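K.L.:
Following this message is one structure expressed as structure tokens.
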Amino acid sequence: MKQSPFYLLLLCFLSVAKTDDDAYVELDEYEVKNKFSVRVLRGSSLRCGLDLRDEADIEMRTFSPGVHIMPHILSDYQFGYAQQKIIVGEHNVTPLNAGLRGMCVGELRRIGIPVGGIGKVYYEITLKDYTKGTPPREEL
């Protein structure tokens, strides 16, 4: 069976995609086929229940396989790390708010979000800690 050069190049990228001590976990069929996807890569049972209005300390890295626009920002499997403190429900990447709900401290999730018609951006997010937010006040 003859393999195309593109297929071999893709396998090469997938085999070397590793950053620091964290190994890349390959995308599964669900993540590739669905427009919006949430996958737990490392579970946890410590302090679960992240919800709207909670303040979360997260570590996030992003990648976008096959997207070659702005290669210095989005380029294949090159990861970028960021520490953020966010209020769930107020993150500027709106679909992330839904993907974060219910997380546990120490849990690692990968959230895939479509970018126009050019592919998906994946966010791998580890919840470091969180504090419960205050419920909204009833309006009179």
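Going by mature numbering (1 follows the signal peptide of the UniProt record, and there is no 0), the letters in the sequence shown line up with residues -19 to -1, 1 to 121, in that order. Just so it is clear, CB atoms sit at the ideal spot from N, CA and C, and this is done for glycine as well. Values in this document were obtained by computation on a predicted structure and should not be read as measured data.
Buried or exposed for residue 105, going by 16 or more other Cβ atoms inside 10 Å?
P.N.:
Burial call: buried.
K.L.:
Check whether the Cβ atoms of residue 86 and residue 25 sit closer than 9 Å, and answer yes or no.
P.N.:
Result yes, Cβ atoms of residue 86 and residue 25 sit closer than 9 Å.
K.L.:
Would you call the CB atoms of residue 40 and residue 67 closer than 9 Å?
P.N.:
Against a cut-off of 9 Å, the Cβ pair of residue 67 and residue 40 comes out as no contact.
K.L.:
Give me the DSSP bridge partner(s) of residue 93.
P.N.:
In DSSP, residue 93 forms a bridge with 18 and 103.
K.L.:
Taking its Cβ as the centre, do 16 or more other Cβ atoms sit within 10 Å of residue 99, making it buried, or is it exposed?
P.N.:
Classification for residue 99: exposed.
K.L.:
Straight-line CA distance for residue 88 to residue 28?
P.N.:
If you take the alpha carbons of residue 88 and residue 28, they lie about 10 Å apart.
K.L.:
Ordered along the chain, which non-local residues of its own chain (more than five positions away) have a Cβ less than 6 Å from that of residue 2?
P.N.:
Only weak support is given to the placement of residue 2: the predicted model assigns it a pLDDT of 47, under 50, and the question is left unresolved by the model.
K.L.:
What would DSSP say about residue 36, mapped onto helix, strand or coil?
P.N.:
Note: residue 36 maps to strand in three-state DSSP.
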